[in-house]
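Sequential numbering from 2 applies to the sequence shown in this note's numbering. Glycine residues also receive a C-beta, built at the ideal position from the N, C-alpha and C atoms.
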Amino acid sequence: MAANKNGIELLLQDPGLDAGLRAIAAKVSEGERISESEGLYLFEKADLGYLGILANYVRESKHGDNTYFNRNFHLEPTNICVYTCTFCSYSRLIKKRSEGWEYTLEEMLELVKKHDGEGVTEVHIVGGVLPQYDLEFYENLFRSIKAYRADLHVKALTPVEYHYIFKKAKISYEEGMRRMQEAGLDSMPGGGAEIFHPEIRDKIAGGKCSGEQWLRIHEIWHELGGRSNATMLYGHIESFFHRVDHLEQLRRLQDKTGGFQTFIPLKFRNKDNEMSHVPESTVVEDLRNYAISRIYLDNFDHIKAYWPMISRNVAQLSLAYGVDDIDGTIDDTTKIYTMAGSEEQNPAMSTRDLVHLVRQVGRKPIERDTLYKVIKDYSDVVFEEDTVYQGYVSLPVVNNN
Ligand code: V47
Ligand code: SF4
């Protein structure tokens, strides 16, 4: 898609622009990849205005104004977990088991059935790690969901769970992922990545799979023809160096396999966890981080802002800083962020809300399936509840609560 180059060209003509930033802008305008040291330079030196111009250029070159969303729901089998990640507000240790939930297979299927007749295309399954949720449990769950509703895309579990259950079943990653695929796994979400570098990972997520293991499981899944997402939990005790290292490892694996679809930066939220003393990043830093991710990950098609975590208004802003996807019309079935202090106490948005949120900032809302096949272009759709005033749809004010 041809994007407007005016912004970058004006930037390049600015005599006051720092020489290092000018060299990076020239590369981006020519579609060239930036290096690790240039990535670090952006984090250290670039202001939001400059980053927005570059990231928006990359975004519009890839997608124009298209802004993707899907219709999904979350299934969280349990919030009890054998691990004790310091940033996690969601899990309850086994000794506090009474404070959590542990769904049986039958209860999980009941939750799937609650969405009968709805136009959802994906179920996103993720939760805590517990011994009874083992290989057989997940094989049965995926098979049962597929038997009940074959058209539902099963996007499930992360290398954190897979590493644990394959080790317990004494099977290799290769055999484990093959068995998951046979049972009905369609794709893998991006969770559990946190920060790959051991200097940080050991402090915030000690005991669970390493960065290398996380990457290896995705690689094996890609070799089986599967697709997956990637995340980065940022804005806590990591430095810019650790963020660039994380992005670089993802970019290298993507060069090898091409199996990643979307990168999702996850802003650390500090309510009710062992890192509550660590301040949260500012909105400016969040937008800078989206923009640098877009510029750096030239081989990733999509950058997603997960709106339940950053609020609806910031999700709208992010669309000018490299983001082209705002996840789904999820209902209130995910507790990960409400328990960590997100503004969204009840993260549900109807298709109409999402469509208006995208249209209000001048972009094109496109419903997609998990693999980015276009389901419907909503650019000109008028909903029954809309007010039409002199031929224009009056867009409701976005409610941030
Ligand atoms: O791995 C946990 C993060 C992730 C906190 O692939 C926290 O489409 C911030 O990966 N503050 C799970 N983040 C969620 C996830 C995800 C979400 C939406 C879409 C997709 C996708 C994937 O949530 C965990 C962890 O990194 N997380 N606690 C917290 N206090
Ligand atoms: Fe468990 Fe995941 Fe929370 Fe870590 S982030 S404690 S693995 S639920």
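Inter-residue Cα distance where the pair is residue i and residue j
i       : j       : result
Leu-55  : Tyr-149 : 46 angstroms
Ile-9   : Ser-30  : 7 angstroms
Leu-43  : Trp-308 : 25 angstroms
Ala-306 : Ile-265 : 6 angstroms
Ser-380 : Val-83  : 46 angstroms
Tyr-58  : Ala-4   : 6 angstroms
Met-310 : His-237 : 15 angstroms
Leu-97  : Val-161 : Looking at the sequence shown, residue 97 is not Leu but Lys. Whole-angstrom Cα-Cα distance: 21 angstroms.
Asp-333 : Asn-73  : Unreliable placement is indicated for Asp-333, whose pLDDT of 43 sits below 50; the coordinate value is still reported in the next sentence. If you take the alpha carbons of Asp-333 and Asn-73, they lie about 11 angstroms apart.
Lys-204 : Gly-260 : 29 angstroms
Ile-35  : Val-279 : 31 angstroms
Asp-246 : Ala-231 : 14 angstroms
Gly-208 : Gln-14  : 51 angstroms
Asp-326 : Gly-17  : 34 angstroms
Ile-304 : His-75  : 20 angstroms
Ile-201 : Cys-89  : 15 angstroms
Asn-71  : Gly-120 : 10 angstroms
Val-362 : Gln-262 : 24 angstroms
Gly-177 : Leu-11  : 53 angstroms
Ala-349 : Trp-102 : 21 angstroms
Glu-137 : Leu-358 : 41 angstroms
Met-276 : Arg-270 : 9 angstroms
Leu-186 : Val-389 : 43 angstroms
Glu-224 : Lys-257 : 10 angstroms
Glu-386 : Glu-213 : 50 angstroms
Glu-140 : Ile-81  : 20 angstroms
Tyr-174 : His-164 : 7 angstroms
His-64  : Pro-366 : 12 angstroms
Ser-92  : Leu-267 : 17 angstroms
Leu-41  : Ser-99  : 45 angstroms
Phe-241 : Ala-184 : 40 angstroms
Pro-199 : Cys-86  : 14 angstroms
Ile-337 : Leu-112 : Note that Ile-337 scores 48 on pLDDT, short of 50, meaning its location in the model is unreliable and no value can be drawn from it.
Asp-135 : Asn-274 : 27 angstroms
Gln-182 : Ser-211 : 23 angstroms
Thr-283 : Tyr-235 : 12 angstroms
Leu-142 : Glu-107 : 9 angstroms
Option in the options with minimal Cα separation from residue i
i       : options                            : result
Arg-228 : Met-189, Ser-319, His-164, Glu-45  : Met-189
Leu-318 : Arg-360, Lys-169, Gly-129, Val-155 : Arg-360
Val-285 : Gly-65, Asn-314, Cys-89            : Asn-314
Leu-131 : Phe-143, Ser-99, Ile-166, Thr-159  : Ile-166
Tyr-104 : Gly-323, Glu-77, Ser-351           : Glu-77
His-125 : Thr-330, Lys-365, Lys-374, Glu-386 : Thr-330
Asp-66  : Asp-387, Asp-378, Val-389          : Asp-378
Tyr-373 : Gly-21, Thr-122, Asn-80, Ile-146   : Thr-122
Ser-38  : Asp-354, Arg-244, Ile-367          : Arg-244
Asp-117 : Ile-146, Arg-252, Pro-199          : Ile-146
Gly-21  : Glu-45, Ser-211, Leu-254, Met-2    : Glu-45
Asp-302 : Ser-351, Arg-252, Asn-274, Leu-288 : Arg-252
Val-383 : Val-324, Lys-169, Val-356          : Val-356
Glu-249 : Asp-328, Ala-321, Leu-298          : Leu-298
Span of the alpha helix (DSSP H), counted from its first residue to its last, around residue i
i       : result
Ser-62  : 49-64
Pro-78  : Here Pro-78 belongs to no alpha helix (DSSP H), and DSSP marks it neither H nor E.
Phe-88  : Run containing Phe-88: none; DSSP gives neither H nor E here.
Gly-177 : 174-184
His-219 : 212-224
Glu-123 : Segment 123-126 is the beta strand (DSSP E) holding Glu-123; no alpha helix (DSSP H) there.
Glu-386 : Looking at the DSSP string, Glu-386 is not in any alpha helix (DSSP H), and its letter there is neither H nor E.
Ala-316 : 313-319
Val-130 : Unbroken run through Val-130: none, as it is neither H nor E.
Ile-1   : This structure cannot settle anything about residue 1, because the visible part of the chain is limited to 2 through 402.
Extent of the continuous beta strand (DSSP E) to which residue i belongs
i       : result
Thr-263 : 261-268
His-116 : Run containing His-116: none; DSSP gives neither H nor E here.
His-357 : Run containing His-357: none in the beta strand (DSSP E); it sits in the alpha helix (DSSP H), 352-360.
Gly-21  : From DSSP, Gly-21 is part of no beta strand (DSSP E) but of the alpha helix (DSSP H) over 20-30.
Val-285 : Per DSSP, Val-285 belongs to no beta strand (DSSP E); it is in the alpha helix (DSSP H), 284-297.
Ala-148 : Per DSSP, Ala-148 belongs to no beta strand (DSSP E); it is in the alpha helix (DSSP H), 136-149.
Ser-229 : 228-235
Lys-377 : 375-378
Tyr-69  : 67-71
Glu-368 : 365-369
Ile-9   : Counting along the chain, Ile-9 falls outside any beta strand (DSSP E), though it belongs to the alpha helix (DSSP H) covering 7-14.
Please determine if the region 287-294 and the region 48-66 are in contact, where contact requires at least 3 C-beta pairs separated by less than 8 angstroms. yes
With a threshold of 8 angstroms, are at least 3 pairs of Cβ atoms found where one atom belongs to the region 193-210 and the other to the region 137-156? no
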